[in-house]
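Notes follow the structure.
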Amino acid sequence: MTSPVVTSPAAARAVDLTKVYGSGESEVRALAGVTLDLNAGEFTAIMGPSGSGKSTLMHCLAALDTPSSGQVIVDGTELGSLSDKDLTVLRRSRIGFIFQSFNLIPTLSARENILLPLSLAGAAPDQAWFDAVVDTVGLRDRLGHRPSEMSGGQQQRVACARALVSKPSIIFADEPTGNLDSVSGADVLAFLRRSVDEFGQTIVMVTHDAVAASHCDRVIFLADGAVVDELARPSREEILEHITALQAAAVGNRRDTGA
Amino acid sequence: MFKLILRNVGARKMRLAMSALAIVLGVAFLSGVLVFSAGLSKTFDGIIQGTTPDGVVRVEGAESFTAGETGVSAATVTPDTVARLAALPEVDRADGNVDGFGMYVVDSDGDLLGGTGAPTLAFNRTEAPNMDGNNILTLLDGRWGKGAGEIVLDEGSAEKAGYSLGDSVKLLTPAGQLERTATLVGTAEFNGGGTAGATLIIFDTPGAQEVFLGGRDVFTTVALTAADGVSQSELVKAAKAVLPAGFEAVPGDQVVKESEDAMAQFLDVIKTFLLVFALIAVIVGAFIIVNTFSILVAQRTRESALLRALGASRRQVTSAILAEAFVMALFASTVGIGLGWALARGLAAMFSSFGLDIEGSFLNLTTATVVTSYTVGILVTLVAALLPARRAGRVAPVAAMREDTVPAKGSLRRRSVIGSIVIAVSVAAAIAGLAGVDGMPAAAWVGIGAFLSLLTVAVLSPVIGFPVLVACRAVFGRLFGASGRLAGENAMRDPRRTGATASALMIGLALVSTIAVMAGSMKASVDTVVDEQFAPDFIAQSVIFAPFSTQVGDRMEQVDGVATVSRQQMLDAKVDGHNETIGAADANFDDVSKLEAGEGSVDFGAGKAIINEDKAEEEGWKVGDTLKLAFPGGKKLSIQIGGIIRENSVVVFGINVPLEVVEQAGIQRQDNALSIVLDDGADPAAVHRALDRVAKPIPLIEVNDKEGFAESIRGQVNQLLYMIYGLLALAIIIAIIGIVNTLGLSVLERTREIGLLRAIGMTRRQLRRTITLESVAIAVLGAVLGMALGLIYGTLLQRVLKEDLTVLSIPFSQLLVFGLIAVVVGVLAAVMPAVRASRLNVLNAISTE
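So the protein sequences, as listed, match chains A and B.
Reminder that position 41 of the first sequence reads as 41 in the UniProt record's numbering, one-by-one numbering, no gaps.
Reminder that position 570 of the second sequence reads as 570 in the UniProt record's numbering, one-by-one numbering, no gaps.
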């Protein structure tokens, strides 16, 4: 295992994070002590087999879930001491979200969806930035449409624009291409890549798709609730290899304990 | 997964319980009214049966006249006649009755006992049994009285008036000496129990004769008891042979029937009145059922599709939904009937405060009540659920496989087309009413138009109400930013659902507003009429519109500053064979009331009848024609028409006669109203105070100037208005339940969306506000449509009733209050759904399927 190389200050940090569901016999440790720095200005992928805890990790980092123990620090703020309201405000102002599906409010137009976090905060949008974001995702002619009038790829790009428009410290993307065909998926990934390269945005993406992860600066592998490995700027093949090895190990483990 | 299913079932139970509540309340109101009505009838029937002997000897034609309210015949029966009746072999016993109308008890605080409610009955006690052979009265405490100085009261009245045995009771008598006192020596009750709120003043025979008949040893009626084996008709036949002229013998059964019929006329008004409100509640409840089942069916599209895919027929899917509705209706009706039984007691308590006491033991669930309530509850629910159930049956099996489970919705176009046609029919009906088309009264035409259009607008509310929702969205967005805008969007998301939910409130508010416009117009009309036609300085009247002793007028004439007291009395008479209430007034009346002659002379001192223009036109009478009048007690008089009053006046009747006709007709002289004119230069305020001092010991009498008179009528209108508002409140409550229900279901449906909103930064408070504003949008939609319709209905009714409601007055301030209440209703209805939504766990919500 190689230790993480700090290239820039952390946008978010997890310190000895654990998350336990249930108790006694049925206790499940989704996170078993994760310590991790997510670097600002990087596009990071979190990968791992099903049940490895990657989604739980993201939910804890994104202030959607509370860990059983350990600390989460986002943009210098320790989350453990915050009330629900403070957490909400933090999500609104410093975190952007892109979910796998159902990303948009069906009653609002694309423009309204993009501006929703800002209008919830009662903040005025930065018109130049809004224009820049909209042009980057190529949605200028779709701004008046409602989600039901757009394709899945377009909807996901609107979600990306919404995540970007409030200039958050960090964007969390949960399988953003999971529901898209490969062409739309590539569009979205290219767009996320550009946001990092051109705007210096920090993005953390949970995925099990090696193609998606190959767009990232850094790929972190999780297994059984712990960070097991990470790669810097890996190719698709390297990632696949790693995953296969991890899965084999997991299956082997299970056989061992089963025997 | 299992947890999710359990939670869904739990949630569904909650939704079903909420819509069941709408049925529960509707059925409860219905069965409560039915139980109350039955108890009402039973109470009166019991009293009538328990107080009627085998046969009654009375003044001829007595049944054609309302006893007491409009004068009493002075005709009497002598003890000789009673003795001759008693001597008949068919007669076991004959007892002379002295029935005194118009006596009142002043309670220990100096107020009138009984007020405007049930009557006060004063009479002599005899040993005469009722038809069943039982005593009519039972002594509960003390002893029976002796002479005019001692009385027995019914137990309830003695208690209410705050008198105990040995106390001196103040009485107001209808004629002659105005006030007297008597010692309370006992309390009694009708053999059957209660008095339905009536006050009983019981004398012995000489006492009653002294008080009511000037001490003459005569009677007003005779109670006949048949000898063993003699039927009522044989009894009556035998009695007729010895009766003096002007009197008749009537079988007890006929008296019972007459009394019950007379009572039923009055009770039917109350029953119908209450029943109308119960039906309104049921109809409003039906709207909520339609809506709830529509939403449930929409949310279960996938489930229905799966059933269809597995081989269920359309009919089976539809039946499954109907079965669910049936079970719910059965359960809800059962609860509703039980609640109704309790509600009947509430109604009884309410009516008891108006002086109408229902015997508690008569408030029972009869088979008819139970059957009717179940039938209405179940039928209404099934009919309401039928449309959504059929929609569930039409779900295509392939929908089970689809990702998005948007149920197929027909366009609103068909609805709009059919709705527009029905609206056109309603408008036609309203125009027919305005144009006075024959076949139905104008108000009935308008009523039909209103009923049709109300239901149509309810169905069309998604279309008609759309601009209101757009306006809400704009206003909310401006005032509350993103959460306001989202709320507006949510309200418009499914206009049918919003419309149907708002409809329930709309019906309630349409009725409330109609009533408000009518009441406002009535008050304005009263003001106008009083302003134009209240000619004297003051009018003294009985607060219960009963006649009173002429001594009141005598005393008022003595007050300093009073120039003239003009007296008026109401009489019942048969005019050319028709029953008619006529007015009698003294010679000053035409001057005091500033009457003007259209034809002939309107001088009441000329000994001639004076009629109004309407009557003259209706009957084709002219000055100089002779009217033939017959009065209770058999007196007949002819009187010439001396003049026709120009323009119709509310201070006169169709037919009016000089006051001296009253005594010629054999009717007891009393006054119904006194018109008082002051000396020139007298201080009206000082005289008013002096007149009030005269009236103070006689709580029956009220002295009003023009403003006070209008005020007292406005007060009566308001009393009725508030009672109607109270009864309509239930419909509003049911409508609130509907909003709670819809919002709850919508929140459930939008769980994921709420999760997303919370994730991207909506605070709990903003979320609660969004849901509250959506609720307010629904309420405002209902209120705007309802008040708009109410304004139209109220205005139309005023137009067709403009003979009585001369002035249209729209109470804008009240309508504004209704609008504000609607907003409050919206806020209240949102509390539960909003709290539930804000407590949703963000992660769970966002990952909900």
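Ideal Cβ positions, reconstructed from N, Cα and C, are used throughout, including at glycine.
Check whether the Cβ atoms of residue i and residue j sit closer than 9 Å, and answer yes or no.
i                      : j      : result
B:I639                 : B:E599 : no
B:G819                 : B:A783 : yes
residue 903 of chain B : B:G207 : Since the displayed chain B opens at 1 and closes at 849, residue 903 of chain B lies outside it and no answer follows.
B:T187                 : B:L165 : yes
B:V91                  : B:V230 : yes
A:F97                  : A:A163 : yes
B:A729                 : B:I771 : no
B:T742                 : B:T292 : yes
B:E189                 : B:T195 : yes
B:M492                 : B:R473 : yes
Contact criterion: CB-CB distance below 9 Å. Does residue i meet it with respect to chain A?
i      : result
B:P833 : no
B:N364 : no
B:I846 : yes
B:T763 : yes
B:E489 : yes
B:R478 : no
B:M492 : yes
B:Q766 : yes
B:L756 : yes
B:I713 : no
B:S813 : no
B:L781 : no
B:P407 : Because B:P407 sits at a pLDDT of 47, beneath the cut-off of 50, its placement in the model cannot be relied upon, and the following sentence gives the value as read from the coordinates. It does not; no Cβ of chain A falls within 9 Å.
B:L789 : no
B:E753 : yes
B:G481 : yes
B:I760 : yes
B:A399 : no
Residue i: beta carbon under 8 Å from a heavy atom of the ligand FAD?
i      : result
B:I544 : This structure simply doesn't include the ligand FAD, nor any ligand for that matter.
Taking 9 Å as the threshold (beta carbon to beta carbon), is residue i in contact with chain B?
i      : result
A:H242 : no
A:K85  : yes
A:V13  : It is Arg, not Val, that sits at residue 13 of chain A in the sequence shown. By this cut-off, A:R13 is not an interface position.
A:T18  : no
A:C140 : Correcting the residue type first, residue 140 of chain A is Arg in the shown sequence and not Cys. Taking Cβ atoms only, chain B never reaches closer than 9 Å to A:R140, which makes this a no.
A:A10  : no
A:R29  : no
A:V5   : For A:V5, the predicted structure reports a pLDDT of 41, less than 50, and the residue's modelled location is therefore unreliable. The matter cannot be settled from this model.
With a threshold of 9 Å between beta-carbons, can residue i be considered close to chain C, or not?
i      : result
B:I539 : The displayed structure is made up of protein chains A and B, and chain C is not among them.
task: Write down every uninterrupted run of the beta strand (DSSP E) in the stretch 118–167 of chain B whose length is 3 residues or greater and which is fully enclosed by it, in chain order.
output: With a minimum length of 3 residues, the continuous beta strand (DSSP E) runs that stay inside the stretch 118–167 of chain B are 120–124, 137–142 and 150–154.
query: So does the stretch 365–376 of chain B actually touch the stretch 284–298 of chain B, counting three or more Cβ pairs closer than 8 Å?
result: Result no; under three Cβ-Cβ pairs closer than 8 Å.
- request: Pull out every residue of the stretch 89–103 of chain A whose Cβ sits closer than 9 Å to any Cβ of chain B, in chain order.
  value: Cβ contacts with chain B come from V89, L90, R91, R92, S93, I95, G96, F97, F99, F102 and N103.
query: Can you give, in chain order, each stretch of the alpha helix (DSSP H) that sits fully within the stretch 446–502 of chain B and has at least 4 residues?
result: Listed in chain order, the complete alpha helix (DSSP H) runs (minimum 4 residues) inside the stretch 446–502 of chain B are 466–493.
task: Below 8 Å between beta carbons is the criterion; list the residues of the stretch 818–842 of chain B that meet it against any residue of chain A, in chain order.
output: Taking 8 Å as the Cβ-Cβ cut-off against chain A, the residues of the stretch 818–842 of chain B that qualify are V842.
- prompt: On the three-pair Cβ rule with 8 Å, is the stretch 337–351 of chain B touching the stretch 418–429 of chain B?
  reply: No: fewer than three Cβ pairs fall under 8 Å.
task: Write down every uninterrupted run of the alpha helix (DSSP H) in the UniProt domain "ABC3 transporter permease C-terminal" (727–841) of chain B whose length is 4 residues or greater and which is fully enclosed by it, in chain order.
output: Secondary structure in the UniProt domain "ABC3 transporter permease C-terminal" (727–841) of chain B: the alpha helix (DSSP H) runs of 4 residues or longer, each lying completely within the stretch, are 751–759, 764–800 and 812–838 in chain order.
query: Taking Cβ-Cβ distances below 9 Å as the criterion, which residues of the stretch 103–122 of chain A are in contact with chain B?
result: Answer set for the stretch 103–122 of chain A: N103, L104, I105, P106, T107, L108, E112, L115, L116, P117, L118, S119, L120, A121 and G122.
- prompt: Any residues in the stretch 60–80 of chain A with a beta carbon nearer than 7 Å to a beta carbon of chain B? Which ones, in chain order?
  reply: Here the close residues are L64 and D65.
- prompt: Enumerated in chain order, which unbroken segments of the beta strand (DSSP E) with a length of 3 residues or greater are wholly contained in the stretch 615–663 of chain B?
  reply: Whole beta strand (DSSP E) segments, 3+ residues: 626–630, 636–645 and 655–658.
query: Using 8 Å as the Cβ pair cut-off and three pairs as the minimum, do the stretch 52–60 of chain B and the stretch 233–251 of chain B touch?
result: Yes: at least three Cβ pairs fall under 8 Å.
message: Could you check whether the stretch 223–243 of chain B touches the stretch 102–120 of chain B, counting it as contact only if at least three pairs of C-beta atoms, one from each stretch, sit closer than 8 Å?
response: No, the stretch 223–243 of chain B does not touch the stretch 102–120 of chain B.
field: Unbroken stretches of the alpha helix (DSSP H), 4 residues or longer, contained in the stretch 36–74 of chain A
entry: Positions of the alpha helix (DSSP H) runs, each at least 4 residues long and wholly inside the stretch 36–74 of chain A, are given as 54–61 in order along the chain.
query: Hey, which unbroken runs of the beta strand (DSSP E) at 3 residues or more fall wholly within the stretch 240–309 of chain B?
result: 247–251, all fully within the stretch 240–309 of chain B.
Whole alpha helix (DSSP H) elements within the stretch 85–113 of chain A, 4-residue minimum: The stretch 85–113 of chain A contains no whole alpha helix (DSSP H) run of 4 or more residues.
- request: Please confirm if the stretch 661–678 of chain B is in contact with the stretch 533–550 of chain B, defined as three or more CB-CB distances below 8 Å between the two stretches.
  value: When Cβ pairs closer than 8 Å are counted between the two stretches, the stretch 661–678 of chain B is seen to touch the stretch 533–550 of chain B, the count reaching three or more.
Contained alpha helix (DSSP H) runs [length at least 4] in the stretch 165–227 of chain A, N- to C-terminal order: Assignment of alpha helix (DSSP H) within the stretch 165–227 of chain A, counting only whole runs of 4 or more residues, yields 182–199 and 210–213 in chain order.
message: Closer than 8 Å is the cut-off here; do at least three beta carbon pairs connect the stretch 727–747 of chain B with the stretch 503–510 of chain B?
response: Yes, the stretch 727–747 of chain B is in contact with the stretch 503–510 of chain B.
task: Decide if the stretch 711–718 of chain B is in contact with the stretch 525–533 of chain B; the criterion is three or more beta carbon pairs, one per stretch, under 8 Å apart.
output: Contact check between the stretch 711–718 of chain B and the stretch 525–533 of chain B: three or more CB pairs, one atom from each, fall below 8 Å, which counts as touching.
field: Touch test, the stretch 90–110 of chain A against the stretch 774–793 of chain B, Cβ-Cβ under 8 Å, three pairs minimum
entry: By the Cβ test, the stretch 90–110 of chain A is not in contact with the stretch 774–793 of chain B, since fewer than three Cβ pairs between them sit closer than 8 Å.
query: Touching or not, the stretch 117–125 of chain A and the stretch 140–155 of chain A, by the rule of three or more beta carbon pairs under 8 Å?
result: The stretch 117–125 of chain A vs the stretch 140–155 of chain A: no contact.
Proximal residues, the stretch 737–748 of chain B versus chain A, C-beta separation under 7 Å: Under the 7 Å Cβ criterion, the stretch 737–748 of chain B contributes no residue.
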